[in-house]
Structure formats: structure tokens, C-alpha cells
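The structure appears right after this line, and notes come after that.
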Amino acid sequence: MSVGLVVVSHSAKIAEGIVELAGQMAPGVRIRAAGGTDDGGLGTSFDLVMSAVVDADDGDGVVVMCDLGSAILTAETALDFLDDELRARVRIADAPIVEGAVAAAVAAEVGGALAEVVDAAEASAAAS
Amino acid sequence: MSVGLVVVSHSAKIAEGIVELAGQMAPGVRIRAAGGTDDGGLGTSFDLVMSAVVDADDGDGVVVMCDLGSAILTAETALDFLDDELRARVRIADAPIVEGAVAAAVAAEVGGALAEVVDAAEASAAAS
Amino acid sequence: MALDITWTKAWIARSADVISEHRTDLTTLDRAIGDGDHGENMDRGFSAVATKLADLSADATPGDALKMVATTLISTVGGASGPLFGTAYLKAAGAVAGHEELDGADLVAMLTAARDGIVLRGKAEPGDKTMIDAWTPAVEAAATALAAGKDEVAILVAAAEAAEAGSAATDPLVARKGRASYLGERAIGHRDPGSVSSALLLRAAVDATTD
Amino acid sequence: MALDITWTKAWIARSADVISEHRTDLTTLDRAIGDGDHGENMDRGFSAVATKLADLSADATPGDALKMVATTLISTVGGASGPLFGTAYLKAAGAVAGHEELDGADLVAMLTAARDGIVLRGKAEPGDKTMIDAWTPAVEAAATALAAGKDEVAILVAAAEAAEAGSAATDPLVARKGRASYLGERAIGHRDPGSVSSALLLRAAVDATTD
Ligand SMILES: Nc1ncnc2c1ncn2[C@@H]1O[C@H](COP(=O)(O)OP(=O)(O)O)[C@@H](O)[C@H]1O
Ligand SMILES: Nc1ncnc2c1ncn2[C@@H]1O[C@H](COP(=O)(O)OP(=O)(O)O)[C@@H](O)[C@H]1O
Ligand SMILES: [Mg+2]
Ligand SMILES: [Mg+2]
Ligand SMILES: [Mg+2]
Ligand SMILES: [Mg+2]
Numbered sequence: 001m002s003v004g005l006v007v008v009s010h011s012a013k014i015a016e017g018i019v020e021l022a023g024q025m026a027p028g029v030r031i032r033a034a035g036g037t038d039d040g041g042l043g044t045s046f047d048l049v050m051s052a053v054v055d056a057d058d059g060d061g062v063v064v065m066c067d068l069g070s071a072i073l074t075a076e077t078a079l080d081f082l083d084d085e086l087r088a089r090v091r092i093a094d095a096p097i098v099e100g101a102v103a104a105a106v107a108a109e110v111g112g113a114l115a116e117v118v119d120a121a122e123a124s125a126a127a128s
Numbered sequence: 001m002s003v004g005l006v007v008v009s010h011s012a013k014i015a016e017g018i019v020e021l022a023g024q025m026a027p028g029v030r031i032r033a034a035g036g037t038d039d040g041g042l043g044t045s046f047d048l049v050m051s052a053v054v055d056a057d058d059g060d061g062v063v064v065m066c067d068l069g070s071a072i073l074t075a076e077t078a079l080d081f082l083d084d085e086l087r088a089r090v091r092i093a094d095a096p097i098v099e100g101a102v103a104a105a106v107a108a109e110v111g112g113a114l115a116e117v118v119d120a121a122e123a124s125a126a127a128s
Numbered sequence: 001m002a003l004d005i006t007w008t009k010a011w012i013a014r015s016a017d018v019i020s021e022h023r024t025d026l027t028t029l030d031r032a033i034g035d036g037d038h039g040e041n042m043d044r045g046f047s048a049v050a051t052k053l054a055d056l057s058a059d060a061t062p063g064d065a066l067k068m069v070a071t072t073l074i075s076t077v078g079g080a081s082g083p084l085f086g087t088a089y090l091k092a093a094g095a096v097a098g099h100e101e102l103d104g105a106d107l108v109a110m111l112t113a114a115r116d117g118i119v120l121r122g123k124a125e126p127g128d129k130t131m132i133d134a135w136t137p138a139v140e141a142a143a144t145a146l147a148a149g150k151d152e153v154a155i156l157v158a159a160a161e162a163a164e165a166g167s168a169a170t171d172p173l174v175a176r177k178g179r180a181s182y183l184g185e186r187a188i189g190h191r192d193p194g195s196v197s198s199a200l201l202l203r204a205a206v207d208a209t210t211d
Numbered sequence: 001m002a003l004d005i006t007w008t009k010a011w012i013a014r015s016a017d018v019i020s021e022h023r024t025d026l027t028t029l030d031r032a033i034g035d036g037d038h039g040e041n042m043d044r045g046f047s048a049v050a051t052k053l054a055d056l057s058a059d060a061t062p063g064d065a066l067k068m069v070a071t072t073l074i075s076t077v078g079g080a081s082g083p084l085f086g087t088a089y090l091k092a093a094g095a096v097a098g099h100e101e102l103d104g105a106d107l108v109a110m111l112t113a114a115r116d117g118i119v120l121r122g123k124a125e126p127g128d129k130t131m132i133d134a135w136t137p138a139v140e141a142a143a144t145a146l147a148a149g150k151d152e153v154a155i156l157v158a159a160a161e162a163a164e165a166g167s168a169a170t171d172p173l174v175a176r177k178g179r180a181s182y183l184g185e186r187a188i189g190h191r192d193p194g195s196v197s198s199a200l201l202l203r204a205a206v207d208a209t210t211d
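Residue numbers (the working numbering), protein chains in the order written: chain P, 1 to 128; chain A, 1 to 128; chain C, 1 to 211; chain L, 1 to 211.
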């Protein structure tokens with residue numbers, strides 16, 4: 001068990017690439033991609049985010065990484081539609097999506113709790 | 001003519017996705033991907049960076065965006081091998097790769113000079 | 001006409017039509033200061049909404065119809081306008097939940113809830129060059145018309161006109177939210193696409209009263 | 001034996017062999033505190049180097065051979081160790097450029113230049129749990145041996161031993177550079193992979209003197 005990660009990008013390629021890259025340093029973490037629109041275009045998908053969050057959760061909670069502003073809007077909306085129990089353990093990190101996802105994945109891999117994984121992601125913004 | 005962009009990621013998918021995403025808001029900017037190793041694995045490629053920088057330059061200079069630390073090492077090494085004239089107009093931005101690339105692309109699209117494009121990328125780290 | 005489910009359905013159907021008609025215009029606006037997809041986004045969303053209109057049960061209320069619009073937009077739009085309009089319609093539905101027919105006070109409550117939903121979601125303030133710059137004047141004009149004892153149609157007209165004026169007033173602004181904020185001063189002289197679609201939707205509400 | 005092009009080529013060939021032999025070990029170390037590719041990276045690089053060894057011209061100097069190693073590693077390794085070792089060999093080549101045979105002072109100059117190249121590129125300080133923790137003691141031990149009047153082989157032995165000890169001394173450290181820095185305290189108890197490969201390369205230099 002560990003905190004899971006969801007990567008919400010406007011691009012399916014970016015999200016999938018991040019899942020591979022972050023997964024390399026965190027083979028035990030459930031990292032799920034929610035990239036692009038339902039039909040594979042550039043944009044975000046509420047349905048992809050919803051199912052990725054449900055899938056990433058293993059009981060320890062989920063940290064959601066977003067790229068541009070509208071990805072955050074989609075992620076926040078998805079959170080509103082989760083049942084309260086799951087929603088209580090989902091956090092949206094205020095962090096750069098690639099750098100933050102790698103840092104968060106490592107923090108989750110070593111057993112970090114939800115808040116620690118969020119902190120790891122957010123601290124990555126400060127690093128160069 | 002505009003400042004060009006090179007996206008150096010450990011993942012070919014991430015680099016290609018960023019090129020598409022940033023290109024959407026900057027159709028007139030030369031944005032080139034240098035993602036993954038020569039054989040498509042996770043890592044960075046000196047040769048891909050070199051050719052991307054040469055290709056992205058149109059005379060106005062190039063801003064290089066990197067993901068993790070070793071991408072920066074590869075990019076810096078590539079810069080050392082460029083001829084002095086081109087090298088003088090290449091900058092490595094200290095910015096998150098996705099968010100910075102989009103901001104830099106827009107700055108280049110509207111005719112920003114090399115320093116302005118770097119500033120746009122680096123300011124994106126501060127935005128949420 | 002009474003502002004009941006028949007009006008609500010007509011409003012939604014007209015919304016889908018008018019968004020489809022202005023698809024290219026909206027995208028052109030978004031290409032200037034965004035990523036050039038607002039028309040496609042809105043049309044994808046409202047086409048899906050139009051398809052579901054027939055599925056509404058016979059005893060559906062205006063609130064039920066608005067809720068269907070909300071969830072459909074949220075699932076299909078794919079851009080910032082999806083969660084924003086989705087939240088607007090969701091809060092609007094909540095404000096009139098259970099009502100079979102909407103009176104002036106309901107309309108003002110509905111518009112206010114919609115606007116508040118957009119603000120809750122997107123954190124934009126008036127003057128940030130977003131759809132809020134259409135919605136806030138619309139809400140204020142509707143409230144003023146209600147206070148002046150105007151009827152439902154006049155309230156909707158006041159809202160639509162104020163939204164149109166508010167949208168036009170985004171031209172000289174610098175954007176502080178959304179993709180246009182990347183452009184800084186370069187956004188000046190361009191109209192915010194989301195404010196234009198907002199005004200179109202509010203105008204459709206007026207036109208639906210004569211359907 | 002004289003430390004000429006024959007020795008340099010033997011050193012490079014042995015380096016490729018020893019990296020290949022330790023490929024799995026290096027990757028296992030990197031899996032614990034990195035991304036698990038250091039063995040593959042180094043082996044990809046030195047396999048390419050080994051291939052090019054035969055292409056060196058008949059009148060190549062040690063510096064020419066080291067420069068070939070540098071450019072090949074830079075082009076083929078694919079990880080942080082590529083630019084780092086690449087810069088090390090490049091600067092080492094520069095320090096002995098034109099020399100046909102290396103004396104003790106040349107060796108110390110070469111090792112110093114290599115270490116300085118890694119620092120220039122990677123900005124690591126001693127104690128950051130990187131390959132610098134093998135290179136810096138190696139440079140110091142070589143300089144001490146030179147000052148004490150030791151011969152070339154003894155200087156190389158001193159460097160290799162100090163690199164091995166320096167590498168072992170990375171075990172208790174927290175990493176401040178490279179991927180292991182993501183791990184914080186969790187890196188404690190693990191050896192830095194790049195320091196291990198560095199020590200292997202310096203040991204190969206000793207072994208090449210008896211080839
Ligand atoms: N934070 C926000 N608050 C209010 N409205 C916003 C916000 N961000 C964007 N918008 C609105 O969304 C519109 C763009 O929608 P659209 O093009 O469909 O989405 P995207 O920008 O994701 O491509 C803008 O014109 C603006 O009116
Ligand atoms: N900034 C740096 N300075 C010095 N050495 C570094 C630095 N970053 C990484 N290293 C070295 O590189 C090694 C990792 O190499 P490798 O696994 O091939 O690259 P990557 O980390 O890109 O996968 C580390 O063990 C460390 O010795
Ligand atoms: Mg858009
Ligand atoms: Mg969009
Ligand atoms: Mg590695
Ligand atoms: Mg690697």
C-alpha cells in the first residue's frame with residue numbers, strides 16, 4: 001500500500017510519459033495517467049480523471065498532479081463528484097507536473113503519508 | 001522569425017506532447033522535441049539535443065527547457081559543443097518543463113526577445 | 001409564456017443551435033488569445049446536451065434539465081469552459097430545484113447561483129477578462145429589473161443585454177485568468193471568448209420565450 | 001611499463017570489460033537510490049568506446065584516446081553519468097594534450113582536471129554522495145604520492161585505493177545531487193553507484209600497467 005498518483009495533463013502523451021518516468025523510481029506506486037480529452041485530443045477529461053483517481057486509490061489516498069489551469073479546474077470538479085469518503089483522501093498538488101510527479105512518486109514509494117507526498121511535489125517547484 | 005524552443009525530456013512522449021501543447025498557442029514558433037535516449041528509452045540524448053537546437057534556431061536564438069537534473073547536464077554539455085556564434089544565443093531556462101514551455105512559447109509567438117522568453121518560462125514557476 | 005420545463009428545453013435547444021452557429025467565431029476569438037478551441041469545446045458539449053434533451057423524463061423540472069446540461073458539459077467539453085459552465089448550470093439547477101415554473105425571483109436566484117458557481121470554480125474577479133465579465137453585469141441587471149417590478153421576460157432581456165455589454169467591455173482588458181493571461185498586454189483589443197458564449201446562452205434564454 | 005598510448009588503450013579496454021562485468025551490480029545500486037539504469041548506461045557507453053578503440057590512428061596520443069572516450073560517452077550514455085564522465089575525460093584529455101608518455105605530474109594533472117570537470121558540470125561538493133566522493137580523495141591521494149616521490153604505478157594505486165575508500169564512505173550520506181537526492185534520509189545505507197563506477201575505472205588504470 002502507498003499513496004497513489006494521478007497525472008492530469010492536456011496531452012495523453014505527456015501524461016503517459018510522466019507515468020513511465022515517475023514509475024521508474026517508484027515501481028510500487030499506483031500512478032495513473034489522465035491525459036487528453038476522451039477522444040485523444042488536447043484538453044482534459046472529467047471521466048478520465050474520475051476513473052484514474054478511483055484506480056489510483058488503494059486506501060492511502062491519491063495526489064493529483066495537473067499541468068495548466070484548466071486541468072486544475074477539471075480535477076477540482078472531479079473531486080466534487082467523488083463520494084465523500086474517497087474525496088477526503090484526495091489532494092491536488094500545487095506543483096509542476098513533471099518535476100512534481102517524480103518527487104511525489106519517490107515520496108510515495110518510500111511510504112510517505114498523503115501530506116508528505118503533497119509536500120514532496122510542492123517542494124519540487126523550489127528546486128532547480 | 002522568433003526565438004525557438006527545445007524541449008529536453010527523459011521521455012520522448014513527454015517532449016512530443018509538450019511540443020504539441022505549446023505549439024497550440026504558438027503556431028509560428030519553432031519548437032523541437034529532444035526526448036528520450038537515441039534508442040527511445042528513458043534518458044536524454046546529446047545528439048538529439050544538438051540537432052534540435054540547431055533546428056530550432058532561426059537566428060533569434062533558442063531557449064532550452066529541461067525536466068530532471070540530468071537533462072540539464074546533457075543540455076549544458078551540448079551547449080559546450082555548439083559553435084560560439086550559435087551558443088551565444090542559446091539559453092537554458094530554469095523552469096518547470098511543461099508550464100515553462102507553454103509560457104515561453106507564447107512569449108516567443110508574440111515576438112519576445114531571447115531574455116523575455118527565458119523570463120516568461122522562469123516566471124511560470126511562480127504561478128500556480 | 002410560463003418559464004417551465006418547455007421553456008427550459010427550448011432554451012437548451014436554442015443554446016445548442018446558437019453555439020453551433022457561432023462555433024467558428026468562438027474559435028477564432030480563442031485563437032487570438034488562447035488555444036483556438038473554444039468553439040469546438042462548446043459545440044462538442046452542447047451537441048451532447050442536445051442529444052440528451054429527448055431523454056428527459058416527462059415530469060422533469062427546469063432544475064432537472066439544467067442538471068443534465070451541467071453533467072453533460074462537465075463530461076464532454078474538454079476545456080476550462082467545461083468545468084466552469086458545468087458548475088454554473090449545476091448551481092443554477094440547485095437554486096431552482098423542485099420548482100415547476102420559474103418566477104422573477106427564481107431567475108435572479110438561478111443567474112446568481114450560476115455566476116457564483118463560476119467564481120467558486122475559477123476564482124476570477126470582475127475585470128479579469130473572463131466569462132465572469134458577462135455574468136456579473138447580467139446578474140446585477142436581472143436583480144435591478146426584478147427590484148423594479150419587471151416581468152420574467154424583461155428580466156431575461158436585461159440579463160442578456162448586460163452580458164453582451166459586459167462581453168464587449170472585455171476588449172480593452174488584460175487577462176488575469178485562463179490561457180489569455182499568458183499574453184499580458186497582447187490580449188488588449190481582443191474579446192474574451194467565454195464571455196461571448198455566455199452572452200449567447202443568455203440571449204438564447206430570451207429567444208426561447210417566444211418559441 | 002611506460003604510460004603511453006599502449007597503456008591508455010589497455011586502460012580503456014579494461015574499463016569497458018570491468019564495467020561490463022559490474023553492469024548488474026551498478027544497476028542494482030542505482031535501483032536502490034536512483035532509476036536503476038547506471039549499469040546499462042555505463043555499459044552502453046563503454047561498449048561504444050571499446051568499438052572505437054581500433055579506429056584510433058597509429059600515432060594517437062593518450063590525450064587523443066581520452067578525447068575519444070569523452071565524446072563517445074557523451075553521445076551514448078543517456079544518463080547523468082554521460083555528461084559527467086564525458087566532461088571528466090574531456091578535461092583529462094586536455095590536461096595531457098600532446099604528451100606521448102605520461103609521468104607522475106601528468107597523472108596528477110589528468111586526475112585533477114577530470115575531477116574539476118565533473119564539478120564544473122555537476123556542481124557537486126564532497127559529501128553530496130556522488131562520484132565526486134570517489135574522485136576527490138583519488139586526486140588528493142595521487143597528489144600526495146607524487147609529492148612523496150612515488151612512481152607512476154604507485155600514484156595510480158594510491159588514486160584507486162582512495163577512490164574505493166571514498167566510494168565506501170558514501171554509504172552513510174544523504175544525497176544532495178542527482179536522483180538519490182529525492183530520497184532524503186532514505187538514501188542512507190546505500191552506496192552511490194557513480195562513485196563505484198569511478199573507482200572501477202581508476203582500478204582499471206592500475207591493472208592496465210601489468211597488461
Ligand atoms: N479561471 C477562470 N474563471 C473564469 N473563466 C475562465 C477561467 N479560465 C478560463 N475562463 C474562461 O474560459 C474561456 C476559455 O474556454 P476554453 O477555450 O473552452 O477552454 P481552454 O482555455 O481550456 O481551452 C475563456 O475565454 C474564459 O472566459
Ligand atoms: N550533479 C552531479 N554531480 C556529480 N555526480 C552526479 C551528479 N548527478 C548524478 N551524479 C552521479 O551520477 C550517478 C548516476 O548516474 P546514472 O544512473 O547513469 O544517471 P541518471 O541519474 O541520469 O540515471 C550517481 O550515482 C552520481 O554518482
Ligand atoms: Mg481554449
Ligand atoms: Mg483548450
Ligand atoms: Mg540512473
Ligand atoms: Mg537514468
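Glycine residues also receive a C-beta, built at the ideal position from the N, C-alpha and C atoms.
Cβ-based burial, residue i [other Cβ within 10 Å; buried from 16]
| i | result |
| --- | --- |
| Glu-21(L) | exposed |
| Ser-128(A) | Low confidence applies here, because Ser-128(A) scores a pLDDT of 42, under 50, leaving its location unreliable; read the following figure in that light. Under this definition Ser-128(A) is an exposed residue. |
| Pro-172(L) | exposed |
| Gly-149(L) | exposed |
| Pro-27(A) | exposed |
| Ile-19(L) | buried |
| Trp-11(L) | buried |
| Asp-35(C) | buried |
| Ile-14(P) | buried |
| Val-90(P) | buried |
| Glu-16(P) | buried |
| Ser-213(C) | The shown model of chain C, from 1 to 211, leaves out residue 213(C), and the question about it has no answer. |
Reference residue i; option with closest CA among the options
| i | options | result |
| --- | --- | --- |
| Glu-101(L) | Leu-202(L), Leu-3(L), Asp-211(L) and Thr-210(L) | Leu-3(L) |
| Cys-66(P) | Asp-58(P), Ala-75(P), Gly-59(P) and Asp-60(P) | Ala-75(P) |
| Thr-61(C) | Ala-97(C), Ile-19(C), Ala-169(C) and Arg-203(C) | Ala-97(C) |
| Glu-140(C) | Ala-124(C), Leu-120(C), Ala-114(C) and Lys-129(C) | Ala-114(C) |
| Ala-163(C) | Arg-179(C), Gly-184(C), Lys-129(C) and Ser-181(C) | Lys-129(C) |
| Leu-26(C) | Trp-7(C), His-190(C) and Thr-144(C) | His-190(C) |
| Val-49(P) | Gly-59(P), Leu-114(P) and Val-63(P) | Val-63(P) |
| Ala-158(C) | Pro-137(C), Ala-175(C) and Val-174(C) | Pro-137(C) |
| Ser-181(C) | Ile-72(A), Ala-107(A), Val-118(A) and Ala-33(A) | Ala-107(A) |
| Leu-64(C) | Lys-52(C), Thr-76(C), Phe-85(C) and Ala-93(C) | Here the sequence assigns Asp to residue 64(C), which means Leu is not the residue at that position. Closest by alpha carbon: Ala-93(C). |
| Leu-124(A) | Ile-97(A), Leu-114(A) and Val-110(A) | The sequence given here places Ser at residue 124(A); Leu does not occur at that position. Considering only alpha carbons, the answer is Ile-97(A). |
| Ala-135(P) | Val-117(P), Leu-82(P) and Leu-79(P) | There is simply no residue 135(P) to check, as chain P begins at 1 and stops at 128 in what is shown. |
Contact under 8 angstroms by Cβ, residue i with residue j
| i | j | result |
| --- | --- | --- |
| Lys-177(L) | Gly-122(L) | yes |
| Ser-130(P) | Val-29(P) | Residue 130(P) cannot be examined here, being either before or after the span of chain P that is shown, 1 to 128. |
| Ala-104(P) | Leu-42(P) | no |
| Leu-146(L) | Ile-132(L) | no |
Residue interval of the alpha helix (DSSP H) (run including residue i)
| i | result |
| --- | --- |
| Ser-45(A) | Neither: Ser-45(A) is in no alpha helix (DSSP H) and is coded neither H nor E. |
| Ile-72(P) | 69 to 81 |
| Lys-67(L) | 62 to 76 |
| Glu-101(C) | Careful: Glu-101(C) lies outside any alpha helix (DSSP H) and carries neither H nor E. |
| Arg-176(L) | No alpha helix (DSSP H) holds Arg-176(L); DSSP gives it neither H nor E. |
Where the beta strand (DSSP E) through residue i begins and ends
| i | result |
| --- | --- |
| Ala-34(P) | 31 to 35 |
| Val-64(P) | 62 to 66 |
| Ile-92(A) | 90 to 92 |
| Gly-4(A) | 4 to 9 |
Integer-rounded CB distance, given that residue j should sit under 8 angstroms from residue i
| i | j | result |
| --- | --- | --- |
| Met-72(L) | Gly-45(L) | The sequence shown places Thr at residue 72(L), rather than the Met named in the question. That pair is a contact at about 7 angstroms. |
| Ser-11(A) | Gly-35(A) | 5 angstroms |
| Ala-142(L) | Val-108(L) | 5 angstroms |
| Pro-83(L) | Thr-37(A) | Their Cβ separation, rounded to whole angstroms, is 13 angstroms, which puts Pro-83(L) and Thr-37(A) out of contact at 8 angstroms. |
| Glu-152(C) | Asp-207(C) | Not really, about 14 angstroms apart at Cβ, beyond 8 angstroms. |
| Ala-199(L) | Ala-134(L) | 5 angstroms |
Residue i beta carbon near ligand 7 (any heavy atom closer than 7 angstroms)
| i | result |
| --- | --- |
| Gly-79(L) | Within the structure as shown, ligand 7 is missing, the only ligands being ligand 1, ligand 2, ligand 3, ligand 4, ligand 5 and ligand 6. |
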